[in-house]
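Listed in order, the protein sequences are those of chains A and B.
For the first sequence, full-length UniProt numbering gives the first residue as 1, with consecutive numbering after it.
For the second sequence, full-length UniProt numbering gives the first residue as 1, with consecutive numbering after it.
Virtual Cβ for every residue (Gly too), placed ideally from N, Cα, C.
Have a look at the structure below, then the notes.
Protein chains: 2
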Amino acid sequence: MAISAISHILTKLGMVSTSDHASVVSMNLFVALLCACIVIGHLLEENRWMNESITALVIGLCTGVVILLTTRWKSSHLLVFSEDVFFIYLLPPIIFNAGFQVKKKQFFRNFMTIMLFGAVGTLISFFIISLGAMYILNKLLNISALEMSLGDYLAIGAIFSATDSVCTLQVLNQDETPLLYSVVFGEGVVNDATSVVLFNAIQSFDLSNINSKTAFQFIGNFLYLFISSTLLGVLAGLLSAYIIKKLYFGRHSTDREVALMMLMAYFSYMLAELCNLSAILTVFFCGIVMSHYTWHNVTESSRVTTKHTFATLSFVAEIFIFLYVGMDALDIERWKLVSDSPAKSVKLSSILLGLVLLGRAAFVFPLSFLSNLTKKSKYDKIDWKQQITIWWAGLMRGAVSMALAYNKFTQSDAKLRKNAFMITSTITVVLFSTMVFGLITKPLVRYLLPSPKHFTSMTSSEPSSPKSFIIEPLLSNGQCSESNGQNVPRPSSLRMLLTTPSRSVHHYWRKFDDSFMRPVFGGRGFVPFVPGSPTERDNPQWR
Amino acid sequence: MAISAISHILTKLGMVSTSDHASVVSMNLFVALLCACIVIGHLLEENRWMNESITALVIGLCTGVVILLTTRWKSSHLLVFSEDVFFIYLLPPIIFNAGFQVKKKQFFRNFMTIMLFGAVGTLISFFIISLGAMYILNKLLNISALEMSLGDYLAIGAIFSATDSVCTLQVLNQDETPLLYSVVFGEGVVNDATSVVLFNAIQSFDLSNINSKTAFQFIGNFLYLFISSTLLGVLAGLLSAYIIKKLYFGRHSTDREVALMMLMAYFSYMLAELCNLSAILTVFFCGIVMSHYTWHNVTESSRVTTKHTFATLSFVAEIFIFLYVGMDALDIERWKLVSDSPAKSVKLSSILLGLVLLGRAAFVFPLSFLSNLTKKSKYDKIDWKQQITIWWAGLMRGAVSMALAYNKFTQSDAKLRKNAFMITSTITVVLFSTMVFGLITKPLVRYLLPSPKHFTSMTSSEPSSPKSFIIEPLLSNGQCSESNGQNVPRPSSLRMLLTTPSRSVHHYWRKFDDSFMRPVFGGRGFVPFVPGSPTERDNPQWR
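Given below as structure tokens:
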């Protein structure tokens, strides 16, 4: 989808040379609003009911109102962006940063649980929302006038499966509840990637005649996209690690290293677009691999720079999207199209919101039960309070949902009734979930997980707590695995692989990583120790 | 000039949705080539004959040849960019970074000399090249067929006044020759800004009927652009410093600070475009003010991040331009247009190159003489070897010249004979000066300034060497000025102001800075001292 816009920018740029004064004014106002969001967001940080997303949404809404008044109810927009802008400029930094900042130790320790929630859970949620929307909208509402196709219903499923867990992550403390934090964070990013891949798979698929064969083709297509995109991202990350390790050793240049990391990340994204893969998934895994290998091969300045640059880009991109959604919510043209049936519009939004709640409940509790079955230690199990927190964390809808909705429902004619209906109800769901659910999040989490001391003790009793890994890079290969094995009984048989698959996969991965991957591609412990080097455990404030 | 492209991007983006596979392939290749330039540039770093610019040019030329062969002499381009891209995306980071990384201490100490060379010198060079081109091209060549207007000659003057001193700066050592380094560096950035402002002033000026009144109008216009752009940049920088100092004190957030600094820099650029000022000059002064105040108000991580991010962006933008110029040099269409008169093309390039040499000699030696008259200490005087080095440092033509030439001579019809002639000769001058002069630079500078020890002793005997300022921030206001006064006799009378104006201006500026500016806007010495905080004296590898 990004190809057209890229080619457009590259080839058509500057061919129209009419100087548009108004659009520079708009751009100035927009940048000023971004600055305002950052400053006001900072001032409101003490007030933990608010967060950056809500601030940006509210500022966007207020600006929309002001513009509506000054243009006499004609427009609420400062700028009109193509939905491609989201996919070329705004989503890649958000997703890449999510991969780059992910706590790999916890991520891989809880890999099975995270994949269960992030991939399988998203699929369950997708089917429930798609089928539910198809059934309820056809039965209860006289929706046939909108001429919704099967592709539209599937797209709705993908759009409303994409969660936004930033709000909950700001409340959770990763030192108090490491398991919960890593599951919520990990699920969030895998969920984003899965829903985008699902969305792309649907878009590129012929839905005119469906039978069991095409269903298998669809699953095959999905798996092909998922696996090949992942592999491409991993390869790009490893290539960057190898180049920097081989060439730059002993003679570092921060600017070159930072430039190379950024360009390689962008290159992986473009290459995935070129091969018609899911570029979002590719940059996500490129980010993970880069933070696991490449990041350790560069100078300390490069580490600080890349970490904060990627986080900043992601942060700005997210504020940008919420600010835009806030303004877009007041698009008067769109509301006029749906204004003859306000009841239908409200019903549609409420049904979608209900399906979101249901779709999430339908996988969080059963999958938690499944996940608990494989765990022996009671500290690794997810108790019911944590299950409710996980359920709640994924109720907010945000940037990815909006981007997918714009992509699907502004592609053809934006003035079409169906498209106006879908965009307005997506905006309603995003606004409602972000602002209402978002405001409730903190009191709820504080009520469910009241005493920090309870969780601190839980963390310290947990075998091989994250902190014990910090000093490991100073030890050699073998010792590293040994020190790990002192706490956890070594899984030595097939039985272990069946009962604790996640832990076991992590163990074998570590062995492989230490004995082959790190010596070749660098990484923690395989580069000279720099005193005062920043560790990965610094809090990432924005995911 | 950037307005049209910005508005175009914002409003027209994505309206054409034909998916162009070829252009994504091109983009991939281009990013891969950028990576190759960085890696090969690093490998060739030991070989001090080469530098990054030459590497990028050579890789661009080689790629151009390969594309010519594969497309069977039809095209040498991977991508065709509008010249606006240079001004919106590539020049701003280069110029902002130049301002951000400038050694302010040395810059303000040698402020008069730098402004003399950078502003007055560029004007002299501009007049000599413009008048010389007009005279010689009319007399010696039968150039009337090209229908060059007065505006074209003035544009040629501005285009070939913009120097590129990166190559010389890589050879000079700022600890061995601080005066020379700061003059060459400072002159380079002031020169860039001056030539862009000149170019804009010419573009926006009615040249149809010239008399003494319009000449004064032109000078007034130039001064208005220069002063108001500078003020806007300073105000934007101070605003960012004030916001961060007031709001963020004691509760820092690196991502917010970095985002705010980047957005404010971009905001100053957009605001200058909005007011039809010289955006390049605005970001340059915004960069200086930001590094003098804002940079000291943020966390250590933010300092490292902003410093390296700006340097990296500038570095990538410069490689990008040289790579593009390398490929563009083989534009077969353009060469066909000039191929019927190869002698004329060669003559044109040689004349321009001669004028560049002459125009630079015409101000470096007289202005050095003037500058030496005002200096009493023999260590502050510029000896003839240093004069030759300054002269040589400004002979290379690079990114800015190319960007201005693309802007002027591809705006209308690129297929016009005149435009083809001017672009090909600009490319010839850039290629020749960067590659031939660039390769000679190191041996020449080593021959002229042979013994590092000579200059080390010179530095240490110099009153208030840069190093003595390093510990000053730890002292309070008054002490700071006192310790400065211990070495330099305090300028106490009008006589001092006349004989050593530069030193005196610097002295009064410091007093004002310490007693008013820093307490309000922060800056070194007015924020809590952070141990291990990076100082500004770290080598900037790219200017």
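First and last residue of the alpha helix (DSSP H) that includes Thr434(A)?
Taken as a continuous stretch (DSSP letters only), Thr434(A) belongs to no alpha helix (DSSP H), as it is neither H nor E.
Assign Cys275(B) to one of three DSSP states: helix, strand, or coil.
coil
8 Å is my cut-off, CB to CB: does Asp513(A) come that close to chain B?
no
Which residue from Val356(B), Lys376(B), Phe369(B), Phe512(B) puts its Cα closest to that of Gly132(B)?
Val356(B)
Quick check on this structure: which residue in Met264(B), Lys246(B), Ser253(B) has the alpha carbon closest to the alpha carbon of Leu235(B)?
Met264(B)
Checking contacts by CB at 8 Å: is Glu333(A) closer than that to chain B?
no
Thr194(B) - containing alpha helix (DSSP H), residue span:
178-203
Taking the C-alpha atoms as reference points, what is the distance between Leu274(A) and Phe222(B)?
47 Å
Spell out whether any CB of chain B is found under 8 Å from the CB atom of Thr70(A).
no
Report yes if the CB atom of Ser349(B) is closer than 8 Å to the CB atom of Lys104(B), and no otherwise.
no
Considering His406(A), what are the terminal residues of the alpha helix (DSSP H) in which it resides?
It should be pointed out that residue 406(A) corresponds to Tyr in this sequence rather than to His. Counting along the chain, the alpha helix (DSSP H) containing Tyr406(A) begins and ends at 399-409.
Per DSSP, what kind of secondary structure is Phe363(B) in: helix, strand or coil?
helix
Between the stretch 57-64 of chain B and the stretch 324-339 of chain B, can you find at least three pairs of beta-carbon atoms closer than 8 Å?
yes
Just checking: is the beta-carbon of Met27(B) within a distance shorter than 8 Å of some beta-carbon in chain A?
yes
Given 8 Å as the limit, is there contact between the stretch 415-422 of chain B and the stretch 374-393 of chain B, that is, 3 or more CB pairs closer than that?
no
Could you compute how far the alpha carbon of Gly186(A) sits from the alpha carbon of Phe96(A)?
13 Å
Could you pull out every residue in the same chain whose Cβ sits closer than 8 Å to the Cβ of Gly523(A), ignoring the five residues on either side in sequence?
Ala241, His292, Tyr293, His296, Asn297, Asp513, Met517
Which word fits Gln106(B), buried or exposed, when buried means at least 16 other C-beta atoms lie within 10 angstroms of its C-beta?
buried
Secondary structure of Ile38(A), DSSP reduced to three states
helix
Going by alpha carbons, who is nearest to Gln217(B) out of Tyr447(B), Ser204(B), Thr305(B)?
Ser204(B)
Uninterrupted beta strand (DSSP E) stretches inside the stretch 264-335 of chain B (no shorter than 3 residues):
none
Mind checking which residues open and close the alpha helix (DSSP H) that includes Arg518(A)?
518-521
Interface positions of the stretch 304-320 of chain B facing chain A (Cβ-Cβ less than 7 Å), listed along the chain:
Val304, Thr305, His308, Thr309, Ala311, Thr312, Phe315, Val316
With a threshold of 16 other CB atoms inside 10 Å of the CB of Asn487(B), please say whether the residue is buried or exposed.
Unreliable placement is indicated for Asn487(B), whose pLDDT of 42 sits below 50; no coordinate value is reported for it.
Going by DSSP in three states, Phe96(B) sits in which element: helix, strand or coil?
helix
Do Thr113(A) and Ser195(A) have their C-beta atoms within less than 8 Å of each other?
no
Give the straight-line distance between the Cα atoms of Leu370(B) and Met270(B), rounded to the nearest whole angstrom.
38 Å
Measuring alpha carbon to alpha carbon, tell me which residue in Phe87(B), Val184(B), Ile94(B), Tyr89(B) is nearest Gly287(B).
Ile94(B)
Provide the residue span of the alpha helix (DSSP H) that contains Leu69(B), from first to last.
52-70
Give the DSSP-derived three-state secondary structure of Lys381(B) in the structure shown.
coil
Do Ile129(B) and Thr434(B) have their CB atoms nearer than 8 Å?
no
Find out if the Cβ-Cβ distance for the pair Thr254(A), Thr312(A) is shorter than 8 Å.
no
Could you tell me the distance, in whole angstroms, from the CA atom of Ile124(B) to the CA atom of Asn173(B)?
28 Å
What does Ala32(A) touch in chain B if you count any residue whose Cβ is under 7 Å from its own?
Phe267
How about Asp175(B): is its C-beta nearer than 8 Å to some C-beta of chain A?
no
With a cut-off of 8 Å, does the C-beta of Val166(A) fall near any C-beta of chain B?
no
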